[in-house]
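A.B. asks: Quick one: the structure is below, questions incoming.
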Amino acid sequence: MAMVQPQSTKYRVLASHLGMLAFIAIVLFPLLMVISISFRSGNFASGSLLPQNPSLEHWYLAFGLPYTGEDGVTTQPPFPVLLWLWNSIKVAVVSSVLILALSTTSAYAFARMRFAGKGAVLKSMLIFQMFPPVLSLVALYALFDQIGNHVSWLGLNTHGAVIVASLGGMALHIWTIKGYFDSIDRSLEEAAIVDGATTWQAFRYILLPLSVPILVVVFILAFIMTIMEYPMASVLLVDTDKLTLAVGAQQYLYEQNYLWGDFAAAAVLSGLPITLIFLYCQKWIVGGLTAGGVKG
Amino acid sequence: MDDNLPPPPETVATYGPTTMITETLSSPGIESRHFMIRAFLKWGALAALVGMSLYLILALYAQREFVFAMLFLVLTASAVMVFFNRKLYAHRYIFPAIAGMGLFVIFPLMYTIGIGFTNYSASNLLSFGQVQENLLSRTYQSEAVRYDYELYKTNAGYIVHLKGKHQNLTSAPMELEAGETTAPVLPLSGQPRGEALGIRDIIQLRELLAKVTLITEDGRELSQASLRSFAAIHPQFSQHDNGSLTDNQSGTTYFPDHETGFYRSADGETLSPGWTVNIGWDNYLKVVSDPTIRGPFFQIFVWTLSFAVATVIFTLALGLLLANLLQWDQIRGKGFYRTMLILPYAVPAFISILVFKGLFNQNFGEINLVLEGLFGLRPDWFSDPALARTMILIVNTWLGYPYMMLLCMGLLQAIPKDLYEASAMDGAGPVSNLFNITLPLIIKPLMPLLIASFAFNFNNFVLIALLTGGAPDIIGASTPAGTTDLLVSYTYRIAFQDSGQNFGLAAAIATAIFLVVGALSLVNLKLSKIKV
Chain A
21 MAMVQPQSTK YRVLASHLGM LAFIAIVLFP LLMVISISFR SGNFASGSLL PQNPSLEHWY
81 LAFGLPYTGE DGVTTQPPFP VLLWLWNSIK VAVVSSVLIL ALSTTSAYAF ARMRFAGKGA
141 VLKSMLIFQM FPPVLSLVAL YALFDQIGNH VSWLGLNTHG AVIVASLGGM ALHIWTIKGY
201 FDSIDRSLEE AAIVDGATTW QAFRYILLPL SVPILVVVFI LAFIMTIMEY PMASVLLVDT
261 DKLTLAVGAQ QYLYEQNYLW GDFAAAAVLS GLPITLIFLY CQKWIVGGLT AGGVKG
Chain B
-12 MDDNLPPPPE TVATYGPTTM ITETLSSPGI ESRHFMIRAF LKWGALAALV GMSLYLILAL
48 YAQREFVFAM LFLVLTASAV MVFFNRKLYA HRYIFPAIAG MGLFVIFPLM YTIGIGFTNY
108 SASNLLSFGQ VQENLLSRTY QSEAVRYDYE LYKTNAGYIV HLKGKHQNLT SAPMELEAGE
168 TTAPVLPLSG QPRGEALGIR DIIQLRELLA KVTLITEDGR ELSQASLRSF AAIHPQFSQH
228 DNGSLTDNQS GTTYFPDHET GFYRSADGET LSPGWTVNIG WDNYLKVVSD PTIRGPFFQI
288 FVWTLSFAVA TVIFTLALGL LLANLLQWDQ IRGKGFYRTM LILPYAVPAF ISILVFKGLF
348 NQNFGEINLV LEGLFGLRPD WFSDPALART MILIVNTWLG YPYMMLLCMG LLQAIPKDLY
408 EASAMDGAGP VSNLFNITLP LIIKPLMPLL IASFAFNFNN FVLIALLTGG APDIIGASTP
468 AGTTDLLVSY TYRIAFQDSG QNFGLAAAIA TAIFLVVGAL SLVNLKLSKI KV
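Chains A and B supply the protein sequences, listed in that same order. Mapped onto our numbering, the consecutive letters of the first sequence carry residue numbers 21 to 316. Mapped onto our numbering, the consecutive letters of the second sequence carry residue numbers -12 to 519.
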């Protein structure tokens, strides 16, 4: 607007800037604090935001290296953080690939084919995705206990179980991909089918190459969601070297064994990559979250 | 055959059209071979999968796990139906996703509702058959038939030499390291060969000796009773035709009570373990009538509701305000603000919640250090119920406002700008703009998202589990219950944290939550007017 603004607007703008900066300072305080704490020596040290005598002790431990302090005492890393991170990534990558493959094919059927019960299935998927799996943990536990008696790599305390269990949450992704498919003109596929392509070929060679952006979004979304999954992994996984990061990280802050500094370094080390991925992809993720989930 | 071969290169160069013809001739052969390989792979994979699940079904059936056997039977049957019936071609695409949902969402939901009507818990974990088997396999060692023994080491293995009142018995040499060992014992006069071991060696070998069963000539079984003696083993219980069990040691008779799932004697004594039985609405009645459960349950229910409502209001208010500021033309540096403001959303929640747990710590937490420096206060965030709840709301608002902000930014863009210009003409300020233009226009598309957010926070298990774990505890509760527990974390604690592991009660409460969530999602479906 090229209008002349009243004097009061200037102050309002200034006030808004100041207000937002103050708010951001409060919001960022915990995050900056953790970074600062990860460089302090000892687990109970206090001090200012910029550590006076920075130490890399917690970072050594977070990377799984024993640390020898100035007093000559060697500390062993308390928990295998890198192993947990690796477990998390392994589980998340495999589940995201499976989720992507299965929800893309289903979304294709929902977007392009006519069949009995389509509307009912789509609607009930929306309803069932609101039921949190934490409420049926007893049943899931019993289910994997039973399966594990016969198929050992899918039983309790295996990554297979966590991966397979994540396949229950595909409804959101199916809706997201279906929404994208709906927005692509179907005449190209129809032309291909007229030329003798099968339905599968029309899907594989025409629709899929056009949908790469949404597939990337869904992959990242599924990846982040599985990395952050806590309740199911906390019940299904037991051994320390099997845990995912989300389940293992809390062990730093037990009342009896309070490792605040070590936690800070591990948190920054493991949280940073996920945060950066999220920030980098935020434009697409936000679009997927707001448009795909509930399209009104 | 010759027609199918591609022509030599010179011919291609000279006679272009010929290549075209030979190509069209040759392609069907190659394609059908491809097709055959693919079909072979496809059916092979399907057959392997069906074979695997048939094995699983049979194994489950053999173990009398009928519900699970049925589940996999239904799943396999529908897979076969979908993949063999050409009419269900479209269903092939959706089958894996639907099966995944059925197996990991719908079946657990049904199963949980079912468990809600049983006494499934740590004390009633097994089925009736498994309990019978367990009890009948128990043994006790006789006081009457008891032998002192000596252990001899020979080249062939260890020999147990039992000293009876009338005669001595000696076993054949045994390899103790092999684990479970059975050996016959025969009468022997005089000393066995080999070197007698002292008590110190016997102590070292005692775990291996515990696995030894000796069988006498008349078929009686003996096992190690103490470091110095072996005694005869008797079955603890003997079963009668009417299903009752008699304890051979005490002579008490126990009758199976299928109402409570325990073997019960005439004077009310029960045997553990018990088995799982259907107890109807008892779990629900317990929630309503037992004051040690009713009190905490309603307290937690009210807190859950207020927590979810407060979270939605706080995050929405903050998110809307920030979104409005970010939409304002006069503000520069929007990209910077936006990135900074969604940072809490980008950090994985399980990390930021734990960060807050540390920052709020009463003794070492940075927040209390700041408060003490400024006001001389050191609030006890984790032991005082009101403070703990305040902390939870602060943390959850921090976690949740970026999502609301992003939603509002999307919706605000859809509002036509000239509305604001018109109101500016009329001299309206930002507040009246908000209530007269912005809110009425965005509330309708926002409503389903707010309900979804309410439902999510109603069940925000991760926040409570990682931040307070429900603490501080409610006094006088018979189940683990905390003042900051939400209904979900309450059911989780009843099922997995309590020593009682009362799965039945937990499932009953979970069923109640299912009803709430189900109602919410139906309302949501109506409101968002989804077209499929």
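Idealized CB from N, CA, C, for every residue including glycine.
With 16 other CB atoms within 10 Å as the buried threshold, where does D282 of chain A fall?
C.D. replies: In the first sequence, counting from the first residue as 1, residue 282 of chain A sits at position 262. Result: buried.
A.B. asks: Taking any Cβ of chain A, which residues in the segment 323 to 349 of chain B have a Cβ under 8 Å from it, in chain order?
C.D. replies: Residues passing the 8 Å Cβ filter: Y324, T326, M327, L328, I329, L330, P331, Y332, A333, V334, P335, A336, F337, I338, S339, L341, V342, F343, K344, G345, L346 and N348.
A.B. asks: For S110 of chain B, would you say it is in contact with chain A, using Cβ-to-Cβ distances shorter than 9 Å as the test?
C.D. replies: As a first step, residue 110 of chain B must be located in the second sequence, where it is residue number 123. Output row for S110 of chain B: interface = no.
A.B. asks: Give the secondary structure of E209 of chain A by DSSP, where H, G and I count as helix, E and B as strand, and everything else as coil.
C.D. replies: Here residue 209 of chain A is taken as the residue at index 189 of the first sequence, counted from 1. The answer is helix: DSSP assigns E209 of chain A an H, G or I state.
A.B. asks: With 16 other CB atoms within 10 Å as the buried threshold, where does Y136 of chain B fall?
C.D. replies: Position 149 of the second sequence, counted from the start, is the residue given in the question as residue 136 of chain B. The residue in question, Y136 of chain B, is buried, as its Cβ has 16 or more Cβ neighbours within 10 Å.
A.B. asks: Find out if the Cβ-Cβ distance for the pair V54 of chain A, A287 of chain A is shorter than 9 Å.
C.D. replies: Mapped onto the first sequence, residue 54 of chain A falls at position 34. Mapped onto the first sequence, residue 287 of chain A falls at position 267. Cβ distance < 9 Å, so V54 of chain A and A287 of chain A count as in contact.
A.B. asks: I'd like the span of the alpha helix (DSSP H) that includes D371 of chain B, first residue to last.
C.D. replies: Locating residue 371 of chain B in the second sequence gives position 384, where the first residue counts as 1. No alpha helix (DSSP H) contains D371 of chain B, which DSSP labels as neither H nor E.
A.B. asks: Under 9 Å, Cβ to Cβ, is there at least one residue of chain A near S508 of chain B?
C.D. replies: Mapped onto the second sequence, residue 508 of chain B falls at position 521. Yes, because at least one Cβ of chain A sits closer than 9 Å to the Cβ of S508 of chain B.
A.B. asks: With the cut-off set at 9 Å, would you say V154 of chain A and V475 of chain B are in Cβ contact?
C.D. replies: Sequence index remark: in the first sequence, residue 154 of chain A carries index 134 (1-based). Sequence index remark: in the second sequence, residue 475 of chain B carries index 488 (1-based). A contact, by the Cβ cut-off of 9 Å.
A.B. asks: Does the beta carbon of W280 of chain A come closer than 9 Å to any beta carbon on chain B?
C.D. replies: Taking the first residue of the first sequence as position 1, residue 280 of chain A is located at position 260. For W280 of chain A, the answer is yes, since a Cβ of chain B falls inside 9 Å of its Cβ.
A.B. asks: Closer than 9 Å, CB to CB, is M68 of chain B near chain A or not?
C.D. replies: To locate residue 68 of chain B, count along the second sequence from 1; it is residue 81. Under the 9 Å criterion on CB atoms, M68 of chain B is classed as non-interfacial with respect to chain A.
A.B. asks: Which one of A:S36, A:L235 and A:W79 has the shortest CA to CA distance from W280 of chain A?
C.D. replies: Residue numbering aside, residue 280 of chain A sits at position 260 when the first sequence is read from its first letter. Considering only alpha carbons, the answer is A:W79.
A.B. asks: As an exercise, report each continuous alpha helix (DSSP H) stretch of at least 4 residues that is fully enclosed by the segment 95 to 150 of chain B, in chain order.
C.D. replies: 115 to 123
A.B. asks: Name the DSSP beta bridge partners of L201 of chain B, please?
C.D. replies: For the purposes of this step, residue 201 of chain B is taken as residue 214 along the second sequence, with counting starting at 1. In DSSP, L201 of chain B forms a bridge with B:A170 and B:L209.
A.B. asks: DSSP three-state call for M88 of chain B: helix, strand or coil?
C.D. replies: The residue labelled residue 88 of chain B in the question sits at position 101 within the second sequence. In this structure, M88 of chain B counts as helix in the three-state DSSP scheme.
A.B. asks: Determine the closest residue to V47 of chain A out of B:L156, B:E408 and B:P331, with distance taken between C-alpha atoms.
C.D. replies: Counting from 1 along the first sequence, the entry for residue 47 of chain A is found at position 27. V47 of chain A has its Cα closest to that of B:P331, out of B:L156, B:E408 and B:P331.
A.B. asks: Once the 5 residues before and after L364 of chain B are set aside, which same chain residues still bring their CB inside 6 Å of it?
C.D. replies: Locating residue 364 of chain B in the second sequence gives position 377, counting from the first residue. Counting only Cβ-Cβ distances below 6 Å, and skipping sequence neighbours, we find L358.
A.B. asks: So with CB distances below 7 Å, who are the chain A contacts of P522 of chain B?
C.D. replies: This structure leaves residue 522 of chain B out entirely; chain B is present only between -12 and 519.
A.B. asks: Using a C-beta to C-beta distance shorter than 8 Å, which residues of chain A count as neighbours of Y479 of chain B?
C.D. replies: The residue labelled residue 479 of chain B in the question sits at position 492 within the second sequence. Ordered by position in chain A, the residues that pass the 8 Å Cβ test against Y479 of chain B are V154, L157 and P251.
A.B. asks: Less than 8 Å between C-beta atoms, sequence neighbours within five positions excluded: which residues of the same chain meet that for V299 of chain B?
C.D. replies: As a first step, residue 299 of chain B must be located in the second sequence, where it is residue number 312. Excluding residues within five positions, the ones whose Cβ falls inside 8 Å are L437, S440, F441 and N444.
A.B. asks: Tell me whether T218 of chain A is buried or exposed, calling it buried when 16 or more other Cβ atoms sit within 10 Å of its Cβ.
C.D. replies: For the purposes of this step, residue 218 of chain A is taken as the residue at position 198 of the first sequence. That one is exposed.
A.B. asks: Using only the alpha-carbon positions, how far apart do L454 of chain B and L118 of chain A sit?
C.D. replies: Translated into the one-based positions of the second sequence, residue 454 of chain B becomes position 467. Translated into the one-based positions of the first sequence, residue 118 of chain A becomes position 98. Their Cα atoms are separated by approximately 32 Å.
A.B. asks: Taking DSSP as the reference, what is the three-state secondary structure of F249 of chain B?
C.D. replies: As a working note, residue 249 of chain B is residue 262 in the second sequence. In this structure, F249 of chain B counts as strand in the three-state DSSP scheme.
A.B. asks: Quick one: which unbroken alpha helix (DSSP H) runs of 4-plus residues sit fully inside the segment 332 to 415 of chain B? Chain order, please.
C.D. replies: 336 to 346, 353 to 362, 372 to 400 and 404 to 412
A.B. asks: Just the C-alpha distance for L313 of chain B and Y98 of chain B, rounded to the nearest angstrom, thanks.
C.D. replies: Taking the second sequence and counting its residues from 1, one reaches residue 313 of chain B at position 326. Taking the second sequence and counting its residues from 1, one reaches residue 98 of chain B at position 111. If I take the Cα positions, the gap works out to 48 Å.
A.B. asks: Suppose the cutoff is 6 Å on Cβ atoms and the five residues either side in sequence are ignored; what does the same chain contact list for L47 of chain B look like?
C.D. replies: Against the second sequence, residue 47 of chain B aligns to sequence position 60. Excluding positions up to five away in sequence, the list reads F55 and A56.
A.B. asks: Any C-beta of chain B sitting closer than 9 Å to the C-beta of L48 of chain A?
C.D. replies: Along the first sequence, read from residue 1 onward, the residue named residue 48 of chain A stands at position 28. Yes, L48 of chain A lies at the interface with chain B (some Cβ there is under 9 Å from its Cβ).
A.B. asks: Going straight from the alpha carbon of P432 of chain B to that of V69 of chain B, what length do you get?
C.D. replies: If you number the second sequence from 1, residue 432 of chain B lands on position 445. If you number the second sequence from 1, residue 69 of chain B lands on position 82. Cα-Cα distance, rounded: 38 Å.
A.B. asks: With the cut-off set at 9 Å, would you say S186 of chain A and M145 of chain A are in Cβ contact?
C.D. replies: Residue 186 of chain A sits at position 166 when you count from the first residue of the first sequence. Residue 145 of chain A sits at position 125 when you count from the first residue of the first sequence. For S186 of chain A and M145 of chain A, no; Cβs fall outside 9 Å.
A.B. asks: Leaving out five residues before and five after D254 of chain B in sequence, what residues of the same chain have Cβ atoms less than 7 Å from its Cβ?
C.D. replies: For the purposes of this step, residue 254 of chain B is taken as residue 267 along the second sequence, with counting starting at 1. Nothing listed; no residue qualifies.
A.B. asks: Using the Cα positions of L105 of chain A and I294 of chain A, report the straight-line distance between them to the nearest angstrom.
C.D. replies: Taking the first sequence and counting its residues from 1, the one referred to as residue 105 of chain A is at position 85. Taking the first sequence and counting its residues from 1, the one referred to as residue 294 of chain A is at position 274. Between the alpha carbons of L105 of chain A and I294 of chain A lies a distance of about 11 Å.
A.B. asks: Under 9 Å between the Cβ atoms of I226 of chain A and E209 of chain A?
C.D. replies: For the purposes of this step, residue 226 of chain A is taken as the residue at position 206 of the first sequence. For the purposes of this step, residue 209 of chain A is taken as the residue at position 189 of the first sequence. Contact flag set, yes.
A.B. asks: Which residue spans inside the segment 18 to 85 of chain B form an unbroken alpha helix (DSSP H) run of at least 4?
C.D. replies: 53 to 71
A.B. asks: L196 of chain B: buried (16+ other C-beta within 10 angstroms of its C-beta) or exposed?
C.D. replies: Along the second sequence, read from residue 1 onward, the residue named residue 196 of chain B stands at position 209. Flag for L196 of chain B reads buried.
A.B. asks: Does the pairing of the segment 295 to 309 of chain B with the segment 370 to 389 of chain B give three or more beta-carbon distances under 8 Å?
C.D. replies: Three or more beta-carbon pairs drawn from the segment 295 to 309 of chain B and the segment 370 to 389 of chain B are found closer than 8 Å, and the two stretches are therefore classed as touching.
A.B. asks: Answer yes or no: do M133 of chain A and A77 of chain B have a C-beta to C-beta separation smaller than 9 Å?
C.D. replies: One-based indexing of the first sequence puts residue 133 of chain A at position 113. One-based indexing of the second sequence puts residue 77 of chain B at position 90. Yes.
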